[in-house]
Amino acid sequence: MAQCRQHRSKLRGVVAVEFALVLVPLLILVTGVAEYGRAIYQYNALTKATRDAARFLSQYAPSEPNYPVDQAKCIAVYGKTTCGGAALVNGLSPSMVVVCDRIDSTGCGSKQFANVAIYEGGDSSRPPAGTINLVEVKISGFTYSPIQSYLNVGALAFSDIATVMRQVL
């Protein structure tokens, strides 16, 4: 009986030490999963923001005198047609939003937005069935900043996030 007590007293802090050894890798793993989830959430929010802004602009012709490019940028950043308030994603600003259409395709490379041919059934070997105009809303230069700075991980730059939709003729 006395030997059993002596044996227990010798093992008295072992569980705490083992828990401390397992806790550090476990916290790093949980933090990594949380950061990855947050990055996916922000990327998804940016994708939805470009989609909403492109859908808004698809109702207007870029040749109209009151073409609402600035309102579309506000939709992409703030989720509403007026700029102001908290951005949908921290670090996002209207200067990161690029709008390209048949009149102004600056910032979208050599993409074509005016009179894009469409084909029946997607068969481009036949003559085109008609043409459409496109509008693209793109978020460029957004960097994801992790919450946990103690891991010494730098900011992650997302590639361009863009949505292209058919625009009124």
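Numbered by the working numbering, the letters in the sequence shown go through residues 1480 to 1648 in order.
Note that beta-carbon positions come from the ideal geometry of N, C-alpha and C, so glycine has one too.
These figures come from a predicted structure and were not determined experimentally.
Check, Outcome
"Among the residues of its own chain, which have a CB less than 7 Å from the CB of A1524, if the five just before and after it don't count?", "L1567 and V1568"
"Could you give the distance in angstroms between the alpha-carbon of Q1538 and the alpha-carbon of L1502?", "55 Å"
"Flag this pair as touching only if the stretch 1511 to 1519 and the stretch 1573 to 1587 have three or more C-beta atom pairs under 8 Å; answer yes or no.", "no"
"Quick one, which of G1564, D1639, V1647 and S1624 has its alpha-carbon nearest V1614's?", "V1647"
"Could you please give the first and the last residue of the uninterrupted beta strand (DSSP E) stretch that includes Q1627?", "From DSSP, Q1627 is part of no beta strand (DSSP E); its letter is neither H nor E."
"Short check: CB of P1541 to CB of I1582, under 7 Å?", "yes"
"For A1533, which of P1547, P1504 and L1571 has the nearest alpha-carbon?", "P1547"
"Sorted by chain position, which residues of the same chain lie with C-beta nearer than 8 Å to L1508's C-beta, five sequence neighbours on each side aside?", "none"
"Tell me where the alpha helix (DSSP H) around A1566 begins and ends.", "Careful: A1566 lies outside any alpha helix (DSSP H) and carries neither H nor E."
"In whole angstroms, what is the alpha-carbon distance linking D1465 and S1572?", "With the chain covering only 1480 through 1648, there is no way to say anything about residue 1465."
"Specify, as a first and last residue, the run of the beta strand (DSSP E) that V1647 falls within.", "Unbroken run through V1647: none, as it is neither H nor E."
"Under a Cβ-count criterion, where at least 16 other Cβ atoms within 10 Å of its own Cβ denotes burial, should K1552 be classed as buried or exposed?", "buried"
"Output needed for L1536: all residues of its chain with C-beta closer than 6 Å, excluding positions within five of it in sequence on either side, in chain order.", "A1551 and V1614"
"May I ask you to list the residues that DSSP assigns as paired with C1579?", "E1615"
"Tell me, which residues are paired with G1609 by DSSP?", "I1597"
"Compare the Cα-Cα distances from F1592 to each of D1602, T1610 and E1599 and report the closest residue.", "T1610"
"Where do the ends of the alpha helix (DSSP H) carrying F1535 lie?", "V1493 to L1536"
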